[in-house]
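These notes are about the structure you will find just below.
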Amino acid sequence: MNLNTNFQNIADSYLFSTIAHKVAAFGESHPGAPIIRLGIGDVTLPLAPVVIEAMQQALCEMSVQKSFKGYGPEQGYLFLKEAIHNYYGERKICLNVDEIFISDGAKSDLGNILDLFSVDNTVLVPDPVYPVYVDTNTMAGRKILFMDANEDNGFLPLPDPSIKADVIYLCSPNNPTGAVYDRAGLKAWVDYANENHAVILFDAAYECFIEDENLPRSIFEIEGAQTCAIEFCSFSKMAGFTGTRCGWTIVPLALQSEGMSLNKMWLRRQTTKFNGVPYVVQKGAAAVFSAQGQRQIEESLAYYKENAQVLARTLDELGIWYTGGKNSPYLWLKCPNDMDSWDFFDYLLEKANLVGTPGAGFGKNGNKFFRLTAFGDKAATREAAGRLKKLLG
Ligand code: MLT
Numbered sequence: 006m007n008l009n010t011n012f013q014n015i016a017d018s019y020l021f022s023t024i025a026h027k028v029a030a031f032g033e034s035h036p037g038a039p040i041i042r043l044g045i046g047d048v049t050l051p052l053a054p055v056v057i058e059a060m061q062q063a064l065c066e067m068s069v070q071k072s073f074k075g076y077g078p079e080q081g082y083l084f085l086k087e088a089i090h091n092y093y094g095e096r097k098i099c100l101n102v103d104e105i106f107i108s109d110g111a112k113s114d115l116g117n118i119l120d121l122f123s124v125d126n127t128v129l130v131p132d133p134v135y136p137v138y139v140d141t142n143t144m145a146g147r148k149i150l151f152m153d154a155n156e157d158n159g160f161l162p163l164p165d166p167s168i169k170a171d172v173i174y175l176c177s178p179n180n181p182t183g184a185v186y187d188r189a190g191l192k193a194w195v196d197y198a199n200e201n202h203a204v205i206l207f208d209a210a211y212e213c214f215i216e217d218e219n220l221p222r223s224i225f226e227i228e229g230a231q232t233c234a235i236e237f238c239s240f241s242k243m244a245g246f247t248g249t250r251c252g253w254t255i256v257p258l259a260l261q262s263e264g265m266s267l268n269k270m271w272l273r274r275q276t277t278k279f280n281g282v283p284y285v286v287q288k289g290a291a292a293v294f295s296a297q298g299q300r301q302i303e304e305s306l307a308y309y310k311e312n313a314q315v316l317a318r319t320l321d322e323l324g325i326w327y328t329g330g331k332n333s334p335y336l337w338l339k340c341p342n343d344m345d346s347w348d349f350f351d352y353l354l355e356k357a358n359l360v361g362t363p364g365a366g367f368g369k370n371g372n373k374f375f376r377l378t379a380f381g382d383k384a385a386t387r388e389a390a391g392r393l394k395k396l397l398g
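Numbering (our numbering), first residue to last: 6 to 398.
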């Protein structure tokens, strides 16, 4: 056999696996250390009661022959697609239900969507960036160009007309920096993509953290996006589905190239390689959009937003520069004393038993930065803030 040697061009292990191993090793050598994890952006609150009820009811349906479901539509059940359609409609974004595809989360589809694009395409990603965009393209052997996201541009790079890219990844609110594009910023990208016959892969997984009504929550709020963008979103951060798995991808019918419809291609790809998300999970996801569901997830989101405020206030008091924390569950801070991010990781773990994510894991521009997440337990987050003050004050 001949193997895909592109795997030799990616790190041996995925960033969050590396961190998990390091923390486990520290725990073994320091038994009983009161470790607080603000590293991977994993939720800590349980699923909303309305979601649990819907899933229990769906399970009962599965236990009766008359209502039992076998294979479902690969692109998702209509009841969930319609609920998502209405969710966008409330923000005056008019989608066709056939443009909505239910997935098992944004991460899978952000990688899987690459099936639609030639390996010759040039991919443009910001640095720092969610490692999945880089690793999936590297595995496929695509050429990647990096654009600098840094303090000077507030970690929100804008298009450079001298650079020709075919596939562009944008994430807003951004993982890892927490920075959020305004309408003008996204419009600049949409115009660039339409002029250059490029596609924007827009990761909106953190849109539910946007509180400022002037900030766009979807790329489809921007005129012209229907002909150049695909959006990925997820119930993971919105409704605590990191372990339950459900998301959606929007591939506009107007997105065409060389006489081919990307929507049709994606449908073909999904019907071939995917058998859909479990009925029970889709029922739970649909319940998120009920009035009660919206109230219940708002409560959980408020809990995480309060954690973000606690961490932001701490960094303010310490005089540490950061982005995010507002309209985002992530805080991206500058490591004190010009420390490298892995050194700061070790320092925090050793001296305060705190786990965060070293910025270098997201790219070279993250080398002096560090990410904290607001998805932790409330008391643990407060305790972490206290430890940070004590250590760095
Ligand atoms: C993160 O910590 O960056 C996220 O949890 C990763 C993900 O959503 O896959």
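Note that beta-carbon positions come from the ideal geometry of N, C-alpha and C, so glycine has one too. None of these values were measured; they are calculated from a predicted model.
**Item:** residue 384 versus residue 42: straight-line alpha-carbon distance, rounded
**Value:** As a first step, residue 384 is located in the sequence shown; it is residue number 379 there, counting from the start. As a first step, residue 42 is located in the sequence shown; it is residue number 37 there, counting from the start. Near 12 angstroms, if we compare the C-alpha coordinates of residue 42 and residue 384.
**Short Cβ contact (9 angstroms threshold) for residue 371 with residue 181** = Walking along the sequence shown from the start, residue 371 turns up at place 366. Walking along the sequence shown from the start, residue 181 turns up at place 176. Taking 9 angstroms as the Cβ cut-off, residue 371 and residue 181 qualify as a contacting pair.
**Request:** Find the nearest neighbour of residue 197 within the set 397, 229, 147, 209, judged by alpha-carbon distance.
**Result:** Locating residue 197 in the sequence shown gives position 192, counting from the first residue. Per the Cα distances, 229.
**Item:** Cβ shell of residue 144 (< 8 angstroms), same chain only, five flanking positions each side left out
**Value:** Residue numbering aside, residue 144 sits at position 139 when the sequence shown is read from its first letter. Closer than 8 angstroms at Cβ, skipping near neighbours: 9, 11, 12, 15.
**Message:** So residue 121 and residue 274 are supposed to be a Cβ contact under 8 angstroms. How far apart are they, rounded?
**Reply:** Counting from one through the sequence shown, the residue named residue 121 turns up at place 116. Counting from one through the sequence shown, the residue named residue 274 turns up at place 269. Yes, they are in contact, since the Cβ atoms of residue 121 and residue 274 sit about 7 angstroms apart, within 8 angstroms.
**Request:** Flag this pair as yes or no: are the beta carbons of residue 60 and residue 292 separated by less than 9 angstroms?
**Result:** One-based indexing of the sequence shown puts residue 60 at position 55. One-based indexing of the sequence shown puts residue 292 at position 287. It is a contact, given that the beta carbons lie within the stated cut-off.
**Message:** Do residue 357 and residue 389 have their beta-carbon atoms positioned less than 9 angstroms apart in this structure?
**Reply:** Taking the first residue of the sequence shown as 1, we reach residue 389 at position 384. Taking the first residue of the sequence shown as 1, we reach residue 357 at position 352. A contact, by the Cβ cut-off of 9 angstroms.
**Item:** residue 325 - DSSP class collapsed to helix/strand/coil
**Value:** Taking the first residue of the sequence shown as 1, we reach residue 325 at position 320. Residue 325 falls in the coil class under three-state DSSP.
**Closer than 8 angstroms: residue 277 CB and nearest the ligand MLT heavy atom** = Within the sequence shown, numbered from 1, the residue matching residue 277 stands at position 272. No, the ligand MLT has no heavy atom inside 8 angstroms of this Cβ.
**Request:** Go ahead and label residue 355 buried or exposed: buried means 16 or more other beta carbons lie within 10 angstroms of its beta carbon, across all protein chains shown.
**Result:** What you label residue 355 is simply residue 350 of the sequence shown in a count that begins at 1. Answer is exposed; the Cβ neighbour count stays below 16.
**Request:** Could you spell out the range, first to last residue, of the beta strand (DSSP E) harbouring residue 151?
**Result:** Sequence index remark: in the sequence shown, residue 151 carries index 146 (1-based). Residue 151 -> beta strand (DSSP E) spans 148-153.
**Message:** Give me, in chain order, the residues of the same chain whose beta-carbon lies closer than 6 angstroms to that of residue 268; leave out the 5 immediate sequence neighbours on both sides.
**Reply:** Translated into the one-based positions of the sequence shown, residue 268 becomes position 263. If we look at residue 268 and ignore the five residues flanking it on each side, its Cβ neighbours are 256, 258.
**Message:** Taking contact to mean 3 or more Cβ pairs, one atom from each stretch, closer than 8 angstroms, check whether the segment 279-290 and the segment 299-315 are in contact.
**Reply:** no
**Item:** Residue environment, residue 326, which counts as buried when at least 16 other CB atoms sit within 10 Å
**Value:** Within the sequence shown, numbered from 1, the residue matching residue 326 stands at position 321. It counts as exposed.
**Asked** How is the beta strand (DSSP E) around residue 351 delimited, first residue to last?
**Response** Locating residue 351 in the sequence shown gives position 346, where the first residue counts as 1. Counting along the chain, residue 351 falls outside any beta strand (DSSP E), though it belongs to the alpha helix (DSSP H) covering 346-357.
**Request:** Spell out the partners DSSP gives residue 401 in its beta bridges.
**Result:** Because residue 401 is not part of the residues shown, which for the chain are 6 to 398, the question remains open.
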